[in-house]
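The next block holds one structure in the form of structure tokens; read it before the comments.
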Amino acid sequence: MDAYDRWSAFYDRYDNPMVFGARQIVRRIAERVAGQAVVEFGCGTGRNLQLLKQSGAWSVAGCDLSAGMLARAREHDPALMLFHQDMAQPLPLADGVADLVLFSLALEHVAVLTPPLREAKRLLSSNGKIVLIEIHPFLTLSNVAAHFRDEGTVVTMPTFPHGFSDYLNAADESGLHIAECREWRPRDFDGPVPEKVFKRGPDVPLIVEFVLRSPSRA
31 MDAYDRWSAF YDRYDNPMVF GARQIVRRIA ERVAGQAVVE FGCGTGRNLQ
81 LLKQSGAWSV AGCDLSAGML ARAREHDPAL MLFHQDMAQP LPLADGVADL
131 VLFSLALEHV AVLTPPLREA KRLLSSNGKI VLIEIHPFLT LSNVAAHFRD
181 EGTVVTMPTF PHGFSDYLNA ADESGLHIAE CREWRPRDFD GPVPEKVFKR
231 GPDVPLIVEF VLRSPSRA
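Just so you know, the sequence shown maps onto residues 31 to 248 in this note's numbering.
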């Protein structure tokens, strides 16, 4: 997590097309979050949690393995409920406490998807859903991964590329149903859109979004 601790100092203002795209998707989710309880795995600097809280979520909590990222989150909002831990480990939260469980650009850092998805399922309320927002497999399988430039050096995070079959199989093994799947292209985002987002053209998918539910709630 040393790289993420290093990135935390300027993560929120860094010009990253994937972060931009994921943020746009979270904004759409925020339109329907009023009155809900939210848990985010890999919450980073807490930007998503702050947005969802400001949009009416009655409870927000998150976990991250980077102490630097969590420090930034606490600076932004000391009232956030934050846990410094691996997302594959059980959170100190009761069963069924979350209406929304969010993973945003987080699962590429996990080798095995099933443990965090099983934990997310445990947290779901009766009508809850899990939303995965991840770099599109077309790109991750072509060696596109989280990275940043700092003082002229490109720092690449340790990541694990996942194909569509990995998500499908992990959902099934976790007892979850894929209720929705959407591929996000640059032309799908609202403007103004940074030029970097169009690096591969307007129609090449950058991000995939899954909505998962327990079969009985699908």
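Glycine included, every Cβ here is placed at the ideal spot set by N, Cα and C.
Would you identify the three-state DSSP class for residue 240, choosing helix, strand or coil? In the sequence shown, the residue the question calls residue 240 occupies position 210. Strand, per DSSP.
Residues of its chain near residue 228, where Cβ-Cβ distance is below 6 Å and the 5 sequence neighbours each way are ignored: Translated into positions along the sequence shown, residue 228 becomes position 198. If we look at residue 228 and ignore the five residues flanking it on each side, its Cβ neighbours are 216.
Report the rounded CA-to-CA distance for residue 111 versus residue 91, giving the unit in angstroms. Indexing the sequence shown from 1 puts residue 111 at position 81. Indexing the sequence shown from 1 puts residue 91 at position 61. The alpha-carbon atoms of residue 111 and residue 91 are separated by roughly 5 Å.
Give me the Cα-Cα distance between residue 244 and residue 59, rounded to the nearest whole angstrom. In the sequence shown, residue 244 corresponds to position 214, counting from 1. In the sequence shown, residue 59 corresponds to position 29, counting from 1. Distance between the alpha carbons of residue 244 and residue 59 is about 19 Å.
Taking the beta carbon of residue 164 as the centre, do at least 16 other beta carbons fall within 10 Å, making it buried, or is it exposed? Position 134 of the sequence shown holds residue 164. Residue environment for residue 164: buried (at least 16 other C-beta atoms within 10 angstroms of its C-beta).
Among residues of its own chain, excluding the 5 on either side of residue 50, which ones have a beta-carbon nearer than 7 Å to its beta-carbon? As a position in the sequence shown, residue 50 is number 20, starting the count at 1. Excluding sequence positions up to five before and after residue 50, its CB lies within less than 7 Å of the CB of 224 and 227, all in the same chain and listed in chain order.
Am I right that residue 198 and residue 242 are in contact with their C-beta atoms under 8 Å? What's the rounded C-beta distance? In the sequence shown, the residue the question calls residue 198 occupies position 168. In the sequence shown, the residue the question calls residue 242 occupies position 212. So it is not a contact: roughly 11 Å between Cβ atoms.
Could you please give the first and the last residue of the uninterrupted beta strand (DSSP E) stretch that includes residue 201? Locating residue 201 in the sequence shown gives position 171, where the first residue counts as 1. Not the beta strand (DSSP E): residue 201 falls in the alpha helix (DSSP H), residues 194-203.
Under 8 Å: do the region 94-106 and the region 66-83 share three or more Cβ pairs, one atom per stretch? Counting Cβ pairs under 8 Å, three or more are found: they touch.
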